[in-house]
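First residue of the sequence shown: 67, per my numbering; consecutive thereafter. Think of the CB as a built atom: it goes at the ideal place given N, C-alpha and C, for glycine as much as any other residue. Because the structure is a prediction, the values reported are computed rather than measured. Below is one structure, written out as structure tokens; comments come after it.
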Amino acid sequence: MSAPAAESETLERDEAGKVLRRTWQRLRPYRRRLATAMTLVVAFTLTKLGGPFLVSIGIDDGIKAGDGDLLNRTVIAYIVISILGYFAFRAQVVAIASIGEDFLRDLRIKVFDHIQRLSMPFYDREKAGVVVSRMTSDVDSLQEPVQQGVLMFVSNALLLVISVVWLGAVSIELPAAVYWSRSRR
């Protein structure tokens, strides 16, 4: 665990918005690849939710109804969904890691070019080793959030939204009961 950021190192809301806008602009060359990666995230999330759906069909319509043929088809579909989920997961990890590496490489180049353009009087006031070390550690600290944090956030948010929608589609009483129990607290 790292130490909490000092008060001088935290961004105000408007400053954070500016940083996010600049980051989004810097992602412009990767937007097509990002769309592909997000499609893979959606596909993986759907395969994660497809398994329990197929199990419910197999139990409710196959086992309880005594339909062995339907049960066999749902088992085969479950296996196919599991295989597709594996490949979708692998492809999304590779796609997001590739985009993240390229983005961080471009960021390093941009920051290094900026450091090279700084005036000599700047380096009279600041130690070059400290500046380069700070640049390196700051860009390195972005590696995990850029490559895995975004993937986890989007995947889990999508999983939550689809699960809630599916829950409402299966039984409107379930989300209503959850909402009602939360509102009574």
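Q) Leaving out the 5 sequence neighbours to the left and right, which residues in its chain are closer than 8 Å to residue 206 when beta-carbon positions are compared? A) In the sequence shown, counting from the first residue as 1, residue 206 sits at position 140. The answer is none, since no qualifying residue turns up.
For this session: Taking only the alpha-carbon atoms, compute the straight-line gap between residue 166 and residue 216 and give it to the nearest angstrom.
Result: Sequence index remark: in the sequence shown, residue 166 carries index 100 (1-based). Sequence index remark: in the sequence shown, residue 216 carries index 150 (1-based). Near 10 Å, if we compare the C-alpha coordinates of residue 216 and residue 166.
Evaluate the contact criterion for the segment 190-204 versus the segment 122-141: three or more CB pairs, one atom per stretch, below 8 Å. no
Along the alpha helix (DSSP H) that carries residue 199, what are the first and last residues, could you check?
Walking along the sequence shown from the start, residue 199 turns up at place 133. Looking at the DSSP string, the run of the alpha helix (DSSP H) that includes residue 199 is 194-207.
| message | I'd like to check one pair, residue 110 with residue 151: are the Cβ atoms closer than 8 Å? | response | For the purposes of this step, residue 151 is taken as the residue at position 85 of the sequence shown. For the purposes of this step, residue 110 is taken as the residue at position 44 of the sequence shown. Yes, Cβ-Cβ distance for residue 151 and residue 110 is below 8 Å.
CA-to-CA distance, residue 234 to residue 241, given in whole angstroms: As a working mapping, residue 241 is identified with position 175 in the sequence shown. As a working mapping, residue 234 is identified with position 168 in the sequence shown. C-alpha separation (whole angstroms): 6 Å.
- prompt: So what's residue 253 in DSSP terms, helix, strand or just coil?
  reply: There is simply no residue 253 to check, as the chain begins at 67 and stops at 251 in what is shown.
Roughly how many angstroms separate the alpha carbons of residue 256 and residue 208, rounded to a whole number? Nothing can be reported for residue 256, as the shown portion of the chain is limited to 67 through 251.
State the DSSP-derived secondary structure class of residue 184, mapped to helix, strand or coil. Mapped onto the sequence shown, residue 184 falls at position 118. DSSP places residue 184 in coil when its eight states are reduced to three.
Inter-residue spacing [alpha-carbon to alpha-carbon] between residue 227 and residue 199
The residue you call residue 227 lines up with position 161 of the sequence shown. The residue you call residue 199 lines up with position 133 of the sequence shown. If you take the alpha carbons of residue 227 and residue 199, they lie about 41 Å apart.
*asked:* Let's test the definition: count the other Cβ atoms within 10 Å of the Cβ of residue 185 and tell me whether it reaches 16, buried, or not, exposed.
replied: On the sequence shown, residue 185 is found 119 positions in, with the first residue counted as 1. Residue 185 comes out exposed.
* Is residue 239 near the ligand SAM, going by C-beta to nearest heavy atom under 7 Å? -> No copy of the ligand SAM appears in this structure; indeed no ligand is present at all.
- Exposed or buried, residue 106, counting other C-beta atoms within 10 Å across all chains shown (16 or more means buried)? Within the sequence shown, residue 106 is the residue found at index 40, counting from 1. Buried is the call here.
query: Leaving out five residues before and five after residue 104 in sequence, what residues of the same chain have Cβ atoms less than 8 Å from its Cβ?
result: Position 38 of the sequence shown, counted from the start, is the residue given in the question as residue 104. Here the set comprises 220.
TODO: May I have the straight-line CA-CA distance separating residue 83 from residue 117, to the nearest angstrom?
DONE: Numbered from 1 along the sequence shown, position 17 holds the residue referred to as residue 83. Numbered from 1 along the sequence shown, position 51 holds the residue referred to as residue 117. If I take the Cα positions, the gap works out to 39 Å.
Hey, out of 180, 161 and 245, whose CA is closest to residue 100's CA?
-> Position 34 of the sequence shown, counted from the first residue, corresponds to residue 100. Nearest C-alpha to residue 100: 161.
Quick one: what does DSSP say residue 250 is sitting in, helix, strand or coil? The sequence position of residue 250 within the sequence shown is 184, counting from 1. Three-state DSSP puts residue 250 in coil, outside helix and strand.
Quiz item: Going straight from the alpha carbon of residue 222 to that of residue 173, what length do you get?
Solution: As a position in the sequence shown, residue 222 is number 156, starting the count at 1. As a position in the sequence shown, residue 173 is number 107, starting the count at 1. The straight-line gap from Cα to Cα measures roughly 27 Å.
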